[in-house]
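In this note's numbering, the protein residues as written are 18 to 191.
Note that beta-carbon positions come from the ideal geometry of N, C-alpha and C, so glycine has one too.
Below, the structure is given as structure tokens:
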């Protein structure tokens, strides 16, 4: 009689762990599906703009994709190599969901790139975290826009001109 009781307790203990494991898997599945759903518009935009630069022969090989929104506009940019093998980027602007299909082609050879912008921001501001980085058009000039959280926990926004690396504007303590 006593042995039966011990076996029964072990079965209940094993079932308990099975339920816990099942609950954890369900929670992970829900979190993953929420994350995938949230990233879906960006993934679709990336696919769309990469196909656009390739079909328009603006780039031969696609590298990085950037997305940034400011001043009521959204900027999608794709960097890569052009037909001559030069580092190039194409910046597309959308306003009220209307796409400027021409895009602005920017030669990046010897110019400011994403890695050098990050290094400059880290050197100049020592941010806690860089939250966004992307190419945009500011006053008709191609620029890198960087948003980051500074040491004090405030958001800061800086803009660098792509052609010469000059700091164009800084907005601090947002």
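query	result
With distances taken Cα to Cα, identify the nearest neighbour of residue 155 among 67, 57, 99 and 110.	110
Check whether the stretch 71-82 and the stretch 138-148 touch, using three or more Cβ-Cβ pairs below 8 Å as the test.	no
Flag this pair as yes or no: are the beta carbons of residue 172 and residue 94 separated by less than 7 Å?	no
For residue 129 versus residue 105, is the C-beta distance shorter than 7 Å?	no
Please report the straight-line C-alpha distance between residue 121 and residue 135, rounded to a whole angstrom.	22 Å
Does the separation of the CB atoms of residue 163 and residue 150 fall below 7 Å?	yes
Which of the three DSSP states, helix, strand or coil, is assigned to residue 124?	strand
Could you compute how far the alpha carbon of residue 18 sits from the alpha carbon of residue 52?	Any reading at residue 18 needs caution, since the residue's pLDDT is 48, under 50, leaving its predicted position unreliable; the model's value is listed next. When rounded, the distance between both Cα atoms is 52 Å.
According to DSSP, is residue 59 part of a helix, a strand, or is it coil?	helix
Note down the Cα distance separating residue 68 from residue 79, rounded to an integer number of angstroms.	9 Å
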